[in-house]
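Only one structure is covered here, and it is reproduced in the block below.
In our numbering, the protein residues as written are 292 to 634.
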């Protein structure tokens, strides 16, 4: 019996990474398929052959403009935003050891939103819209600093971080609402669209501005993967294994901000991606941070690209912000998670 158990255990151990690899490959295929659909479909459908010709620079000028200038940067921005928010959510959930953690619930999105709305109301006319991402990123970092400072009490515990983060998120929401109510109608409309979350009008300039943040944050996340896995076993065991838990927690908090803040800055407050994607990823691959990170990123990218595609196609000629469709999925999913986590 023991020999039979040993054989089954080895087979299971072997099949788990194989299953994870196949899941990753399937997700990659889905990602590429959604990307191709995003380039083909729109107000004026373009054939798959013409899309490939455009990417090779061999299509006519009109098709080349639609694919390379309008649709490709928008699809890439949607993919990067989804991947960044999903990765940030995974980092927060692993750090706090709470499946309900995400940038929009913990207060990072709230800080970015409050700063962005204040900029739109008081500084946009004088400084220009080019400074909007800078203010949003600063707001997210200040919110993270405030959360960590208020949660500190001879160290930071996951529960304190969650509770303080929810409080900061509510406070930032109140600030955002007050500023919008006190602003002119034109500013309020712009702010509401930004708060909904959209990649409409994304350009290569924004794509190139967001990409370096991801190229810095993802390698750092992979570098910390083993420590994150150890930290998830509990503070006492992680400390016994030589992990500086408090220092790691601070690094992970700011890593999540580095991932989420630029994405929020360029696409607006797209909600629930950081909550949903890691949960889907855990059902597809083994519970190892190094495997969950690319899986969550691919799931998040597909979610936002699909949401943007629905916003472009379902209500033509209107272009509905992608955040509407993500929230339509995310809100019921959040209620379901709360139901599962009830005490």
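Backbone N, C-alpha and C fix where the C-beta goes; we use that ideal spot for every residue, glycine too.
Cβ-Cβ distance between residue i and residue j below 9 Å
{"i": "residue 480", "j": "residue 398", "result": "no"}
{"i": "residue 591", "j": "residue 564", "result": "yes"}
{"i": "residue 488", "j": "residue 408", "result": "no"}
{"i": "residue 497", "j": "residue 364", "result": "yes"}
{"i": "residue 588", "j": "residue 568", "result": "yes"}
{"i": "residue 545", "j": "residue 381", "result": "no"}
{"i": "residue 452", "j": "residue 540", "result": "yes"}
{"i": "residue 500", "j": "residue 375", "result": "no"}
{"i": "residue 521", "j": "residue 311", "result": "no"}
{"i": "residue 434", "j": "residue 415", "result": "no"}
{"i": "residue 345", "j": "residue 325", "result": "no"}
{"i": "residue 575", "j": "residue 314", "result": "yes"}
{"i": "residue 485", "j": "residue 559", "result": "yes"}
{"i": "residue 337", "j": "residue 347", "result": "no"}
{"i": "residue 446", "j": "residue 342", "result": "no"}
{"i": "residue 542", "j": "residue 515", "result": "yes"}
{"i": "residue 572", "j": "residue 367", "result": "no"}
Cβ-Cβ separation, residue j to residue i (assumed contact under 8 Å), whole Å
{"i": "residue 625", "j": "residue 566", "result": "6 Å"}
{"i": "residue 403", "j": "residue 370", "result": "At roughly 20 Å, the Cβ-Cβ gap does not stay under 8 Å, so residue 403 and residue 370 are not in contact."}
{"i": "residue 378", "j": "residue 504", "result": "Between residue 504 and residue 378 the Cβ distance is about 11 Å, and since that is not below 8 Å, they are no contact."}
{"i": "residue 474", "j": "residue 401", "result": "Not quite, the Cβ-Cβ distance comes to about 18 Å (not below 8 Å), so this is no contact."}
{"i": "residue 373", "j": "residue 594", "result": "5 Å"}
{"i": "residue 411", "j": "residue 468", "result": "Going by Cβ atoms, the distance from residue 411 to residue 468 rounds to 14 Å, so no, they are not a contact pair."}
{"i": "residue 449", "j": "residue 518", "result": "Not really, about 16 Å apart at Cβ, beyond 8 Å."}
{"i": "residue 610", "j": "residue 491", "result": "6 Å"}
{"i": "residue 320", "j": "residue 339", "result": "Their Cβ separation, rounded to whole angstroms, is 15 Å, which puts residue 320 and residue 339 out of contact at 8 Å."}
{"i": "residue 438", "j": "residue 396", "result": "That belief does not hold up - the Cβ atoms of residue 438 and residue 396 are roughly 12 Å apart, past 8 Å."}
{"i": "residue 570", "j": "residue 308", "result": "Between residue 308 and residue 570 the Cβ distance is about 21 Å, and since that is not below 8 Å, they are no contact."}
With 16 other Cβ atoms within 10 Å as the buried cut-off, status of residue i
{"i": "residue 557", "result": "buried"}
{"i": "residue 421", "result": "exposed"}
{"i": "residue 386", "result": "buried"}
{"i": "residue 294", "result": "The predicted position of residue 294 is uncertain, since its pLDDT is 45 and thus under 50; no value can be drawn from it."}
{"i": "residue 393", "result": "buried"}
{"i": "residue 533", "result": "exposed"}
{"i": "residue 614", "result": "buried"}
{"i": "residue 413", "result": "exposed"}
{"i": "residue 578", "result": "exposed"}
{"i": "residue 562", "result": "buried"}
{"i": "residue 418", "result": "exposed"}
{"i": "residue 599", "result": "buried"}
{"i": "residue 621", "result": "buried"}
{"i": "residue 349", "result": "exposed"}
{"i": "residue 362", "result": "buried"}
{"i": "residue 470", "result": "buried"}
{"i": "residue 603", "result": "buried"}
{"i": "residue 323", "result": "exposed"}
{"i": "residue 442", "result": "buried"}
{"i": "residue 316", "result": "exposed"}
{"i": "residue 513", "result": "exposed"}
{"i": "residue 607", "result": "exposed"}
{"i": "residue 384", "result": "buried"}
Problem - Completely contained alpha helix (DSSP H) runs for the stretch 516-585, where each covers 4 or more residues - result: Entirely contained in the stretch 516-585, the alpha helix (DSSP H) runs reaching 4 residues are, in chain order, 516-522, 526-531, 536-558 and 564-573.
Problem - alpha helix (DSSP H) runs contained entirely in the stretch 297-355, provided each spans 4 or more residues - result: Taking 4 residues as the shortest admissible run, the stretch 297-355 contains the following complete alpha helix (DSSP H) segments, listed from N- to C-terminal end: 339-346 and 352-355.
Exercise for the section: May I have a chain-ordered list of the alpha helix (DSSP H) segments no shorter than 4 residues that lie completely inside the stretch 397-439? Expected result: Within the stretch 397-439, the complete alpha helix (DSSP H) runs of at least 4 residues are 399-413 and 415-418.
Problem - Complete runs of the alpha helix (DSSP H) confined to the stretch 437-517 [at least 4 residues] - result: Assignment of alpha helix (DSSP H) within the stretch 437-517, counting only whole runs of 4 or more residues, yields 449-472, 476-487 and 495-514 in chain order.
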